[in-house]
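Q: Numbered as in the UniProt record's numbering, the sequence shown ends at 277 without a single skipped number.
I'd like to ask some things about the structure below.
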Amino acid sequence: MPATVITITSGKGGVGKTTTTAAFGAALALRGHRVCAVDFDVGLRNLDLVLGLEKRVVYDFLHVAEGKAKLGQALIKHKQIDNLYVLATSQTAEKNALTNEGVGRVMEQLRAEFDYVICDSPAGIEHGAMAALYHADHAIVVCNPEVSSIRDADRILGFVGSKSKRSEDGRDPVREHLLVTRYDEDRVKCGEMLPVNEIKEILSAELIGIVPESRSVLRSSNSGVPASIDPQTDAGAAYRDAVAHFLGETKDPIRLPGQAVGNHPQRGFLMRLFRRG
Numbered sequence: 001m002p003a004t005v006i007t008i009t010s011g012k013g014g015v016g017k018t019t020t021t022a023a024f025g026a027a028l029a030l031r032g033h034r035v036c037a038v039d040f041d042v043g044l045r046n047l048d049l050v051l052g053l054e055k056r057v058v059y060d061f062l063h064v065a066e067g068k069a070k071l072g073q074a075l076i077k078h079k080q081i082d083n084l085y086v087l088a089t090s091q092t093a094e095k096n097a098l099t100n101e102g103v104g105r106v107m108e109q110l111r112a113e114f115d116y117v118i119c120d121s122p123a124g125i126e127h128g129a130m131a132a133l134y135h136a137d138h139a140i141v142v143c144n145p146e147v148s149s150i151r152d153a154d155r156i157l158g159f160v161g162s163k164s165k166r167s168e169d170g171r172d173p174v175r176e177h178l179l180v181t182r183y184d185e186d187r188v189k190c191g192e193m194l195p196v197n198e199i200k201e202i203l204s205a206e207l208i209g210i211v212p213e214s215r216s217v218l219r220s221s222n223s224g225v226p227a228s229i230d231p232q233t234d235a236g237a238a239y240r241d242a243v244a245h246f247l248g249e250t251k252d253p254i255r256l257p258g259q260a261v262g263n264h265p266q267r268g269f270l271m272r273l274f275r276r277g
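What follows is the structure in structure tokens.
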């Protein structure tokens, strides 16, 4: 069966798309799925950095798209997480270097080799973002609980279905999901951030998770460790819960940050993995 393509997108930058791509990819791989995380942000490459793989990039997405390298040469396997691979992008090319034909060839190869392909999209509606959305089966829109972020997320949702290959082929539409990041309950109570119920009223996508504002996310990114595999933080639990909701493994209500974490079957493994660093 061909891979499911998930595009992580947003209306504005700085909301946590790359962190979410790394966290989602790691959590899916830890469930035994074969996963490739793909960086579509040409010129602003960060996914390899967040995953601690920046020193191992030799060939990138553009090399494969242009026929200058084979896919197997460009894929980087994560050292600690089995089944997780990364396809970095160019740090020097122009954003319009991604052609529809080249991207299509690479995506066809990725669909044949993996269970899930997760596309880390640039923010907004620029060329790379549209290229990432075009191939999506699912779109996860990441936003902060702030008015400007919600407005921009709403704009992106308007492009998701209309710009997709699924729409062109007459297939079922891209499934739209919402992930709220940097949520702070105290700031919500003070009126500085929007509450979740208002966000859900504004945005029609299915809410799959709420990730709290947390220094642990920044620490994870700086150390090249996906936030979802940290077994001791609310943010790590929130990302794992989001993946469980995405996969339909749970019908439990979305937990607000600060509520009891509960048991996670992977906790023992995650503790061992985290001690390796």
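Idealized CB from N, CA, C, for every residue including glycine.
Label Lys77 either buried or exposed according to how many other C-beta atoms from any shown protein chain fall within 10 Å of its C-beta, with 16 as the threshold for buried.
A: Per the 10 Å Cβ criterion, exposed.
Q: So the candidates are Glu249, Ala237, Ala26; which of them puts its Cα closest to the Cα of Pro257?
A: Considering only alpha carbons, the answer is Ala237.
Q: Between which two residues does the alpha helix (DSSP H) harbouring Val243 extend?
A: From DSSP, the alpha helix (DSSP H) with Val243 extends over 234 to 247.
Q: Using alpha carbons as the reference points, say which of Leu194, Arg187, Arg182 lies closest to Tyr239.
A: If we check each option's Cα against that of Tyr239, Arg182 comes out closest.
Q: Would you check if the stretch 56 to 65 and the stretch 29 to 36 touch, i.e. whether three or more CB-CB distances between them fall below 8 angstroms?
A: As far as the Cβ criterion goes, the stretch 29 to 36 does not touch the stretch 56 to 65, which means the pair count is below three.
Q: Which class does Ala227 belong to by DSSP, given the choice of helix, strand or coil?
A: If DSSP states are grouped into helix, strand and coil, Ala227 belongs with the helices.
Q: Quick check: the Cα distance between Arg56 and Met193, rounded to an integer number of angstroms?
A: Their Cα atoms are separated by approximately 40 angstroms.
Q: Could you check whether Arg45 and Gln80 sit closer than 7 angstroms to each other, using their CB atoms as the reference points?
A: Taking 7 angstroms as the Cβ cut-off, Gln80 and Arg45 do not qualify as a contacting pair.
Q: Tell me which same chain residues have a C-beta within less than 7 angstroms of the C-beta of Asp41, skipping the five on either side of it?
A: Within the same chain, Asp41 has close Cβ partners Thr89, Asp120, Pro122, Gly128.
Q: So Arg171 and Asp115 are in contact, right, with Cβ under 8 angstroms, and what is the actual spacing, rounded?
A: Not quite, the Cβ-Cβ distance comes to about 19 angstroms (not below 8 angstroms), so this is no contact.
Q: Within the same chain, show all residues whose beta-carbon is closer than 7 angstroms to that of Thr21, passing over the 5 residues directly before and after it, in chain order.
A: Correct list, in chain order: Ile8, Ala37, Leu47, Ile118, Asp120.
Q: Do the stretch 192 to 208 and the stretch 145 to 164 make contact, defined as three or more Cβ pairs closer than 8 angstroms?
A: Verdict: yes, contact present.
Q: Relative to the alpha-carbon of Asp39, which residue among Ala69, Ser148, Gly67, Val106 has its alpha-carbon at the smallest distance?
A: It is Val106.
Q: Please check the pair Lys17 and Ser149, which I expect to be a contact at CB under 8 angstroms, by giving their CB distance rounded to whole angstroms.
A: Lys17 to Ser149, Cβ: 12 angstroms. No contact.
Q: Could you check where the beta strand (DSSP E) with Ile6 kicks off and where it finishes?
A: Per DSSP, Ile6 belongs to the beta strand (DSSP E) from 4 to 9.
Q: Quick one: what's got a C-beta closer than 8 angstroms to Ile140's C-beta in the same chain, skipping five residues either side?
A: Result list for Ile140: Ile6, Thr7, Ile8, Thr9, Thr20, Phe24, His177, Leu178, Leu179, Ile208, Phe246, in chain order.
Q: Which term fits Pro145, buried or exposed, when burial requires 16 or more other beta carbons within 10 angstroms of its beta carbon?
A: Classification for Pro145: buried.
Q: Please state whether DSSP places Gly67 in a helix, a strand or coil.
A: Three-state result, Gly67: coil.
Q: Are the Cβ atoms of Asp184 and Glu213 separated by less than 7 angstroms?
A: In contact: Asp184 and Glu213 (Cβ atoms closer than 7 angstroms).
Q: Starting from Leu84, trace the beta strand (DSSP E) in both directions and tell me its first and last residue.
A: Here the beta strand (DSSP E) through Leu84 covers 84 to 87.
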